[in-house]
Amino acid sequence: MDIVTRFAPSPTGRLHVGNIRTALHNWLLAKKGGGRFLLRIDDTDAERSREDYVEAIREDLAWLGLEPDAEERQSRRFDRYEAAFEALKGQGRAYPCYETAQELELKRKVLLGRGLPPIYDRGALKLTDADRAEKEAQGIAPHWRFKLDHGEPIAWQDGIRGAQHFDPAQLSDPVVRRADGSWLYMLPSAVDDIAMGVTDVLRGEDHVSNTAVQIQMFTALHAAPPRFAHEALLVGSEGKLSKRLGALGADAFRTRGIEPQALVALLARLGTSLPVEPIADRAQLVESFDLSTFGRAPARFDDAELERLNAAILHQLPFGEVRHRLPAGMSEQGWNAIRPNLSTLADAADWWRVVTGPVAQPPFDAETKAFLGQAAALLTWSDDPWHSLTGGLKEATGRKGKALFLPLRQALTGRDSGPDMAQLLPLIGEAEARARLERAAA
Ligand code: GLU
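Read left to right, the sequence shown gives residues 31 to 472 (our numbering).
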């Protein structure tokens, strides 16, 4: 059977780094198996879902190169959920409840106060037809819970966590539908996973107990559950899932000049036993992706590591991949000369100005001016003007090392360090190079 995975964000905000990681892993799992990767927009919550976020999710996935093979939307599938709900009701697996939020909260507090787990007491199952009729007559609409089968222990072989066991009696019957008829996440997700032929659900470990419940939903809906795998959560370098990390959206990375390849290379391997490396080749990441390499400990997201990867990725990117984002007129030689000095692509504009000028030279003392005057006079043009210039100057002046190179670099580029001068000088060109040396000497 071909692999089908899905990424199921709720469009209530931008994708943050944790979501991006889940999307990427589902994409990698699908590609590795030659299968399909679906984007499912979980927009059952009409109040909180926003169309601009749906757009942003699509854009972010496209930027990351994680385009889905198909897109589905839960808000267009309410009839499916209704049908599944009716089927569950028919089997007595969905039941109406009338407690108010305050009543439920009170019950929770009482249980917690006694040191007991706050499991729903199934009070609503004890209501008689007459009790229910009375509630309805008072105008109280029910919310609905899925009735877990306490006689059916829940177990699965988790792709990351190994054998998992849950006693359904230790779980609350989950609310699947609110009193206003709207759907909670749990049932629509199971219905869609069945209808869309999802074979592998890969998500964060905050969903482990949802999986326990959903496995019983799959069975109640006469479907075999998919394979499940739950990955350890992402934490900040300070060791906990900080607000900052949760707020780090794809857009923020993009604005900061992080390349999608860098984010992908980091998130593909973070939390696994494979080394994090600046791998720009997606096929290599697909090839090495393996759930069995995932650890159980939280994965630490380190911004400094991302920046290092970003630089290393930039240093490999070929001209053809970036030319549309480079300063006007920048040639392939220009890119190749400047690339090793970049932390972000935006820095290319600064470095390119070193070539195109004007450059701001530091003040030089009289001796250095004389040296630079000699340089202007000695400059000849060839395939390799830098080595002929420095060779000639060394012979003529006896200077070497820093005393030879630094004033030349400062006069020619206005900087103390930067790209390889042998590559830069041909780009600056003979006339401009001579003009800069003469200006420095004056
Ligand atoms: N919309 C759910 C979430 O964002 C999807 C969870 C799942 O993968 O099933 O948490």
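C-beta atoms are modelled at their ideal positions from N, C-alpha and C, and glycine is treated no differently.
What residue does the beta strand (DSSP E) around residue i start on, and which one ends it?
i, result
"Leu232", "230-234"
"Asp188", "184-188"
"Ala100", "100-103"
"Thr35", "34-37"
"Ile288", "Unbroken run through Ile288: none, as it is neither H nor E."
"Ala193", "192-196"
"Leu68", "66-71"
"Ala259", "257-261"
Under 8 Å, do residue i and residue j count as touching if we go by C-beta distance?
i, j, result
"Arg44", "Val228", "no"
"Phe176", "Ile184", "no"
"Val508", "Ala124", "Outside the shown range of the chain, which is 31 to 472, sits residue 508, and nothing can be said about it."
"Asp446", "Gln453", "no"
"Leu375", "Leu467", "no"
"Ala259", "Gln244", "no"
"His55", "Leu278", "no"
"Ser373", "Ala406", "no"
"Phe331", "Thr302", "no"
"Asp72", "Ala38", "yes"
"Pro415", "Pro388", "no"
"Pro172", "Ala209", "yes"
"Pro255", "Gln104", "no"
"Cys127", "Ala86", "no"
"Asn402", "Ala470", "Sequence inspection shows Leu at residue 402; the Asn mentioned does not correspond to that position. Going by C-beta atoms, Leu402 is nearer than 8 Å to Ala470."
"Asp483", "Glu102", "Only positions 31 to 472 of the chain appear in this structure, which leaves residue 483 out of reach."
"Ala329", "Leu304", "no"
"Leu321", "Ile170", "no"
"Asp99", "Arg66", "yes"
"Gly448", "Asn371", "yes"
Following a CB-centred definition, is residue i positioned closer than 7 Å to any heavy atom of the ligand GLU?
i, result
"Tyr215", "yes"
"His237", "yes"
"Asp179", "no"
"Ala113", "no"
"Pro39", "yes"
"Ser267", "no"
"Asp99", "no"
"Ser105", "no"
"Asp90", "no"
"Ser219", "yes"
"Val231", "yes"
"Asp82", "no"
"Asp72", "yes"
Starting from residue i, trace the alpha helix (DSSP H) in both directions and tell me its first and last residue.
i, result
"Trp382", "377-386"
"Tyr125", "Where Tyr125 is concerned, there is no enclosing alpha helix (DSSP H), although the beta strand (DSSP E) it sits in stretches over 124-127."
"Ile87", "81-94"
"Ile50", "47-62"
"Phe435", "431-443"
"His417", "415-427"
"Leu344", "333-344"
Which residue from the options puts its Cα closest to that of residue i?
i, options, result
"Leu178", "Ile190, Asn366, Arg464, Ser202", "Ser202"
"Ala113", "Gln246, Gly153, Arg144, Trp213", "Trp213"
"Leu344", "Gly181, Ala295, Arg66, Gly63", "Ala295"
"Ala250", "Val306, Ile309, Gly120, Arg138", "Gly120"
"Ala282", "Asp333, Arg103, Ser239, Asp73", "Asp333"
"Arg107", "Pro198, Thr74, Gly287, Glu164", "Thr74"
"Gly287", "Ala379, Pro392, Glu129, Glu116", "Ala379"
"Glu135", "Tyr150, Phe435, His354", "Tyr150"
"Asp395", "Leu356, Ala292, Ala472, Lys430", "Ala472"
"Leu336", "Ala390, Leu347, Ser267, Ser361", "Ser267"
"Leu263", "Leu297, Ala163, Pro290, Thr420", "Leu297"
"Val384", "Leu434, Trp174, Gly444", "Gly444"
"Ala225", "Glu129, Asp109, Ala163, Gln132", "Asp109"
Do residue i and the ligand ATP come close, with the Cβ less than 7 Å from some heavy atom?
i, result
"Asp210", "Absence of the ligand ATP is noted for the structure shown, with the ligand GLU being the only ligands found."
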